[in-house]
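What follows is a short report on a single structure.
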Amino acid sequence: MDLVLEYGLYNTGDKAALKVTLDDRHSFPTQSFEIIKGLLNVRFERINPGANATHSVVIRPRQFGVFNYTSAQVTYTSEDSSDIRVGYTNAPGEGYIYRLKEYERKFAPKYIYWFVFFILIAPTTLGSYLAYSKSKSKYEELAKKKN
Numbered sequence: 009m010d011l012v013l014e015y016g017l018y019n020t021g022d023k024a025a026l027k028v029t030l031d032d033r034h035s036f037p038t039q040s041f042e043i044i045k046g047l048l049n050v051r052f053e054r055i056n057p058g059a060n061a062t063h064s065v066v067i068r069p070r071q072f073g074v075f076n077y078t079s080a081q082v083t084y085t086s087e088d089s090s091d092i093r094v095g096y097t098n099a100p101g102e103g104y105i106y107r108l109k110e111y112e113r114k115f116a117p118k119y120i121y122w123f124v125f126f127i128l129i130a131p132t133t134l135g136s137y138l139a140y141s142k143s144k145s146k147y148e149e150l151a152k153k154k155n
């Protein structure tokens, strides 16, 4: 099962960010993940003030189990300064990568279980309803005879 990573970079400042580099290679190493589409190290020449840039990567895990997701590193320079500034994305932390069969067993709709549940519950529900309707008709006949 493939994972889609979407990065959103927003320039909230009043100056343009230049030579913006997004690097997430350390979070998803190639020995643990196969890159299907996109790059984990990407560069944007300029992000204007108030503008945003998005980037998506599709990866496929090579291993399953607990995995620690770390934050990506963002480096950029400002329009008025040549100092390199460093920022980090949100880090989701620890997560679990399921095998497809495990995932389907845990999260797939359980139609068979619901069907078996209704088959098991139907006799008691139907029996109760039949007993109710029989006694109701009996008492309705008695009420008609009294009137």
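The sequence shown begins at 9 in this note's numbering and counts up by one. Just so it is clear, CB atoms sit at the ideal spot from N, CA and C, and this is done for glycine as well.
C-beta contact flag for residue i and residue j at 7 Å
i: Tyr15; j: His63; result: yes
i: Asp32; j: Arg68; result: no
i: Ala80; j: Asn19; result: no
i: Ser40; j: Thr78; result: no
i: Leu26; j: Thr85; result: yes
i: Arg54; j: Thr29; result: no
Bridge partner(s) assigned by DSSP for residue i
i: Thr97; result: The partner list for Thr97 (beta bridge, DSSP) is empty, contrary to what the question assumes.
i: Ser86; result: Ala25
i: Asn60; result: Tyr18
i: Pro69; result: Phe41
i: Tyr111; result: According to DSSP, which records beta bridges pairwise, Tyr111 is partnered with nothing at all.
i: Val124; result: Bridge partners of Val124: none, in fact.
i: Asp31; result: Asn49, Gln81
Proximity winner among the options, relative to residue i (alpha-carbon distances)
i: Phe72; options: Phe126, Lys109, Asp22; result: Lys109
i: Val74; options: Arg93, Glu87, Gly101, Thr83; result: Gly101
i: Gly46; options: Thr132, Val12, Val28; result: Val12
i: Asp22; options: Thr38, Pro37, Asp88; result: Asp88
i: Glu42; options: Arg70, Leu48, Leu17; result: Arg70
Rounded Cβ spacing between residue i and residue j (contact assumed at less than 8 Å)
i: Val94; j: Thr83; result: 5 Å
i: Pro57; j: Ala24; result: 6 Å
i: Lys114; j: Tyr121; result: Not really, about 13 Å apart at Cβ, beyond 8 Å.
i: Leu128; j: Ala61; result: 56 Å between Cβ atoms; not a contact.
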